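Sequential numbering from -11 applies to the sequence shown in this note's numbering.
Everything on this sheet refers to the single structure shown next.
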Amino acid sequence: MGRTTVASSATAFGPYTGGLPPQEPNCRRYISGSSVTKPRSSVTFAVATVNFVARLWLSIGETEADMRCGSVWLALALSTSSVSAAPRPPAYYLAEDAFNTRYDLRERVIAQTMLIGAGYQNAVPTERFTQRTFNAIRDFQIANGLTPSGGLDTATSDKLFTVARPMFNLWSFRQIGHPVRGMPIWMPQGMGLRPYPNKNGLTYRDANDRFQVSYNYFPGTTPEVVYGGLLDKMRGNGTVIHYSVIKDGWFVISATTGEGDDEYVRYHADGNGILGFAAFWNNAKGVVNGERIAILMSASLGSMMNGRPFVEPPGFLEEAPAPVAAAPAVVPVSRPDPTVIPPAPKALAPAPSPAAPPPVAQAKPEDRISTGSGFFVDGQGRFITNNHVIDTCRDVVV
């Protein structure tokens, strides 16, 4: 496969210098602050930009090039203003309030992790409810015949658990530490992946070449050097770059090679080098939803290196088999002690005289047994399952 390796880019390419995008003649002298060269998506900034460019338009438009420059930036500012000022639907604010008040930080991160696993969120989880979160939940609700409120209600969370569970069972994530740096990240252990040590860390791949990931440490280099080198090499060999970003000592690149391999690369500055992973997958050889694996691994690495909120890998349980016979009316939920020998049964009382049989006692709903599945979310024994499994339960046995 025509895969781009970080090792070659770390040694064969110079530092990334960046720079402003191509501009009209004489425009550079009008762009004198980060507030213009790095626009933010906010109404306040958009209005300030419009006023700033309008003043330039009135005071500077001396030449044809000046006027052309002013028109370019005025159009950009107006388009930014219209996008930024677009109101959100009322349902968004209801969903946001419920998300932030009903669930704690850990539960919010878990919900977004499930959305990634189910294929409806393509960004790392955060503790915040954003337009991306709202759209992901609403799209999931529409696809699964639920009320498209955009809010995480009980019916949605139950269905989300059901849909995401098979994928997490397939991937079987575990926290694996780097053999040299020791930093643990989510690493898939399912899909027939096998570990292979390499000189910079560990590589996992399956026999069918559907998915491969390397968790490596490269000393003596920086994210800036490798980022620029990788982008240059990818552009040179026909790789299509879908997304790339570098900031605060780390970078991410998502791309597709000319041979059809998808790849996702994330590295962080660590000590005197960089630590991170490069994942490759090819859907033509078997769909394993590698992009979801890469996003979850990216969230895990970002959490360890930057302190972003995240959770431990979910350990899903297999569904409990259905009982062959109906359960008795009342059964203690606690497990019996196998070392205790039950007492001998007492002698039966004499049979009563024939009479009308007494009415059969009906089991009360709260005395019945409910079974289901769930998963542990941390090493302290916290466990998540569907609401209907534990609804009205007095005791729970795992």
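We put the CB at the ideal spot given by N, CA and C, even for glycine.
Please read these numbers as outputs of a predicted model, since none were measured by experiment.
DSSP three-state call for ARG193: helix, strand or coil? Locating residue 193 in the sequence shown gives position 205, counting from the first residue. The answer is strand: DSSP assigns ARG193 an E or B state.
Looking only at its own chain, which residues have a Cβ that is under 7 Å from the Cβ of VAL449, when we skip the five neighbours before and after it? Beyond the ends of the chain as shown, which are -11 and 386, falls residue 449; an answer cannot be given.
Nearest to TYR184 by alpha carbon, out of GLN200, GLN100, ARG254? The residue you call residue 184 lines up with position 196 of the sequence shown. Minimum Cα distance to TYR184 is reached at GLN200.
The beta strand (DSSP E) enclosing GLY279, as first and last residue numbers: Here the question's residue 279 lines up with position 291 in the sequence shown. Residue identity check: residue 279 is Glu in the sequence provided, not Gly. That residue, GLU279, is in no beta strand (DSSP E); its alpha helix (DSSP H) goes 278 to 294.
Taking the continuous alpha helix (DSSP H) assigned at ALA272, which residues delimit it? Indexing the sequence shown from 1 puts residue 272 at position 284. Careful: ALA272 lies outside any alpha helix (DSSP H) and carries neither H nor E.
Going by C-alpha to C-alpha distance, which of GLY278, ASN260, LYS273 sits closest to GLU251? Within the sequence shown, numbered from 1, the residue matching residue 251 stands at position 263. When each option's Cα is compared against that of GLU251, the closest is GLY278.
Since ARG94 sits in a beta bridge, which residues does DSSP pair it with? Your numbering for residue 94 matches position 106 in the sequence shown. For ARG94, which the question treats as bridged, DSSP gives no partner whatsoever.
Straight-line Cα distance separating ASN188 from GLU84: Within the sequence shown, residue 84 is the residue found at index 96, counting from 1. Within the sequence shown, residue 188 is the residue found at index 200, counting from 1. Cα to Cα, GLU84 sits roughly 43 Å from ASN188.
Below 7 Å CB to CB, which residues in the same chain sit around HIS166 once its five sequence neighbours on both sides are set aside? Position 178 of the sequence shown, counted from the first residue, corresponds to residue 166. Excluding sequence neighbours, HIS166 sits near GLY189, TYR203, TYR205, LEU263.
Same chain only: Cβ atoms within 7 Å of GLY226, ignoring 5 sequence neighbours per side: Working through the sequence shown from its first residue, we reach residue 226 at position 238. Around GLY226: GLY246.
With a threshold of 16 other CB atoms inside 10 Å of the CB of THR25, please say whether the residue is buried or exposed. Residue numbering aside, residue 25 sits at position 37 when the sequence shown is read from its first letter. Here the model assigns THR25 a pLDDT of 34, short of 50, so the residue's position is not dependable, and the following value carries that caveat. Result: exposed.
Buried or exposed for ARG182, going by 16 or more other Cβ atoms inside 10 Å? Position 194 of the sequence shown, counted from the start, is the residue given in the question as residue 182. It is exposed - the Cβ of ARG182 has fewer than 16 other Cβ atoms within 10 Å.
With a 10 Å radius around its C-beta and 16 neighbouring C-beta atoms as the bar for buried, classify LEU219 as buried or exposed. Along the sequence shown, read from residue 1 onward, the residue named residue 219 stands at position 231. It counts as buried.
Nearest neighbour of ARG96, chosen from PHE117, VAL151, PRO136, PRO172 [CA to CA]: For the purposes of this step, residue 96 is taken as the residue at position 108 of the sequence shown. Minimum Cα distance to ARG96 is reached at PHE117.
According to the neighbour-count rule (16 or more other Cβ atoms, all chains shown, within 10 Å of its Cβ), is THR142 buried or exposed? Numbered from its first residue, the sequence shown carries residue 142 at position 154. Its Cβ having fewer than 16 others within 10 Å, THR142 is exposed.
How would you write the range of the beta strand (DSSP E) that MET175 sits in, first residue to last? Sequence index remark: in the sequence shown, residue 175 carries index 187 (1-based). Here the beta strand (DSSP E) through MET175 covers 172 to 176.
CA-to-CA distance, PHE156 to THR150, given in whole angstroms: As a first step, residue 150 must be located in the sequence shown, where it is residue number 162. As a first step, residue 156 must be located in the sequence shown, where it is residue number 168. Computed Cα separation, rounded: 11 Å.
With C-beta atoms as the reference, is LEU284 less than 7 Å away from TRP174? Walking along the sequence shown from the start, residue 284 turns up at place 296. Walking along the sequence shown from the start, residue 174 turns up at place 186. For LEU284 and TRP174, yes; Cβs fall inside 7 Å.
Ends of the beta strand (DSSP E) at THR244? By one-based count along the sequence shown, residue 244 stands at place 256. Looking at the DSSP string, the run of the beta strand (DSSP E) that includes THR244 is 238 to 244.
Are ASN132 and LYS147 touching if we call contact CB-CB under 7 Å? For the purposes of this step, residue 132 is identified with residue 144 of the sequence shown, where counting begins at 1. For the purposes of this step, residue 147 is identified with residue 159 of the sequence shown, where counting begins at 1. Going by C-beta atoms, ASN132 is nearer than 7 Å to LYS147.
May I ask which residues mark the beginning and end of the beta strand (DSSP E) holding GLY217? Numbered from its first residue, the sequence shown carries residue 217 at position 229. No beta strand (DSSP E) holds GLY217; the alpha helix (DSSP H) holding it covers 211 to 224.
Taking 7 Å as the CB-CB limit, is ARG153 close to chain D? Within the model displayed, chain D is absent; a lone protein chain is all it includes.
Strictly by DSSP, which residues pair up with HIS256? For the purposes of this step, residue 256 is identified with residue 268 of the sequence shown, where counting begins at 1. TRP238, LEU263.
So, is HIS230 buried or exposed, given that buried needs 16 or more other C-beta atoms within 10 angstroms? In the sequence shown, counting from the first residue as 1, residue 230 sits at position 242. Per the 10 Å Cβ criterion, exposed.
Whose CA, out of THR191, LEU158, LYS273, GLY259, lies closest to the CA of ARG280? Walking along the sequence shown from the start, residue 280 turns up at place 292. The option with the nearest alpha carbon to ARG280 is LEU158.
If you draw a straight line from the alpha carbon of SER232 to that of GLU212, how long is it in whole angstroms? Stepping through the sequence shown from its first residue, residue 232 is reached at position 244. Stepping through the sequence shown from its first residue, residue 212 is reached at position 224. Rounded to whole angstroms, SER232 to GLU212 spans 12 Å at the Cα level.
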